[in-house]
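S.K.:
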Amino acid sequence: MVLSFISIKKFADEPYSKILGYPKATSRQIRSRINELEKLKIKSISLTGPTTLGNLAILGKGYVGVVVLAKKGSKQVALKIRRTDSPRNEMRNEAVLLKLVNTVNVGPKMFVASKNFLVMEYLEGIKIIEWVNTLKGKGSAKKLKSTVRKILEDCYRLDQIGFDHGELSNISKHVIVGKTKSTLIDFESSSTNRRPSNVTSVTQAIFIGSGIAKKTQKIYKNPPKEKIIKILKQYKQEKSQENFEKLLKILKL
Ligand SMILES: Nc1ncnc2c1ncn2[C@@H]1O[C@H](COP(=O)(O)OP(=O)(O)O)[C@@H](O)[C@H]1O
Ligand SMILES: [Mg+2]
């Protein structure tokens, strides 16, 4: 599909201005945000993606930000725009956290950030909850296993650096599965001051909880919950490579 990109200058006016200042902004705020984008070398935005804001297609929306596909120079990037009613008063903190997880090859690559914007690698793909629904027939168990293993390995590396994502118990929105890779996203609630529970949260969400767990059960026969809970307890006590590998083994990954 050929995407059309709209110059950010056009985002000063309706309907596009909604994207830069959602849910509500003054024209002065919008102009200042366009200036900020120019400094970040963001030239244009493409209105594409699975979600909509009014009538405009976007990549996604959460409590903190509105995410759109944009061009920085000639490169396609994901632009996270701080909502005007966001609980966070700037994007830099999230940028620092994203930079940190990038050091262990987790998350979309963080490029640059400012008060109201975060520019990161654009991830092509779909949310894991939708991806699981696309699985059927021969080969789906193998696909599911390798994707889940990759996600748990990312979680393990985060546990190792003492980093807690914070929202992985609700995994459905926090992993984007693409053709060649799966990536954890949204580090705005993350912390380096909590006990990390990335591996345990994801294991619970995928194998023990409702939602995704119900579907994985249908794709391949998971081990009994008590067995998983027992090894998770051990792993919680000691987050060693050995315990992590035991977990992978029990999960048949
Ligand atoms: N790097 C990215 N590439 C593609 N889509 C993304 C990217 N980051 C976020 N999204 C989409 O935007 C949505 C909202 O982003 P998220 O970071 O979760 O915002 P919030 O912090 O407001 O919850 C995500 O659920 C996802 O669908
Ligand atoms: Mg979110």
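Just so you know, we're using our numbering here: the sequence shown kicks off at 1316 and counts up by one. Glycine included, C-beta positions come from ideal geometry on N, C-alpha and C. Model, not experiment: these values are computed from the prediction.
Check whether the region 1489 to 1499 and the region 1465 to 1472 are in contact - that is, three or more C-beta pairs closer than 8 Å.
M.R.: yes
S.K.: In the DSSP assignment, find the unbroken alpha helix (DSSP H) run with residue 1527 in it and report its ends.
M.R.: 1526 to 1534
S.K.: List the residues that DSSP assigns as beta-bridge partners of residue 1397.
M.R.: 1380
S.K.: In whole angstroms, what separates the C-alpha of residue 1373 from that of residue 1385?
M.R.: 10 Å
S.K.: Anyone know if the C-beta pair for residue 1456 and residue 1486 falls short of 8 Å?
M.R.: no
S.K.: Counting along the chain, where does the beta strand (DSSP E) carrying residue 1498 start and finish?
M.R.: 1497 to 1499
S.K.: Start and end of the beta strand (DSSP E) containing residue 1320?
M.R.: 1320 to 1322
S.K.: Using 8 Å for Cβ pairs, my map puts residue 1387 next to residue 1349. What's the rounded Cβ distance?
M.R.: With a Cβ gap of about 15 Å, residue 1387 and residue 1349 do not count as contacting.
S.K.: Is residue 1503 near residue 1379, with beta carbons less than 8 Å apart?
M.R.: yes
S.K.: Using the rule of at least 16 other Cβ atoms within 10 Å of the residue's Cβ for burial, across every protein chain shown, is residue 1397 buried or exposed?
M.R.: buried
S.K.: Give every residue whose Cβ lies closer than 5 Å to any heavy atom of ligand 2, listed in chain order.
M.R.: 1377, 1501
S.K.: Can you give me the C-alpha to C-alpha distance between residue 1454 and residue 1461, rounded to a whole angstrom?
M.R.: Going by the C-alpha atoms only, they are around 11 Å apart.
S.K.: Are the beta-carbon atoms of residue 1430 and residue 1351 separated by less than 8 Å?
M.R.: yes
S.K.: Tell me which same chain residues have a C-beta within less than 7 Å of the C-beta of residue 1534, skipping the five on either side of it?
M.R.: 1450, 1455, 1456, 1459
S.K.: Would you say the beta carbon of residue 1535 comes nearer than 7 Å to a heavy atom of ligand 1?
M.R.: Placement of the Cβ of residue 1535 at a distance of 7 Å or more from every heavy atom of ligand 1 is found.
S.K.: What's the C-alpha gap between residue 1345 and residue 1405?
M.R.: Taking the Cα positions, residue 1345 is about 16 Å away from residue 1405.
S.K.: Decide if residue 1516 is buried, meaning its Cβ has at least 16 other Cβ atoms within 10 Å, or exposed.
M.R.: buried
S.K.: If we ignore side chains and look at the alpha-carbon of each, how far apart do residue 1418 and residue 1512 end up?
M.R.: 19 Å
S.K.: Return the bridge partner residues of residue 1391 from the DSSP annotation.
M.R.: 1386
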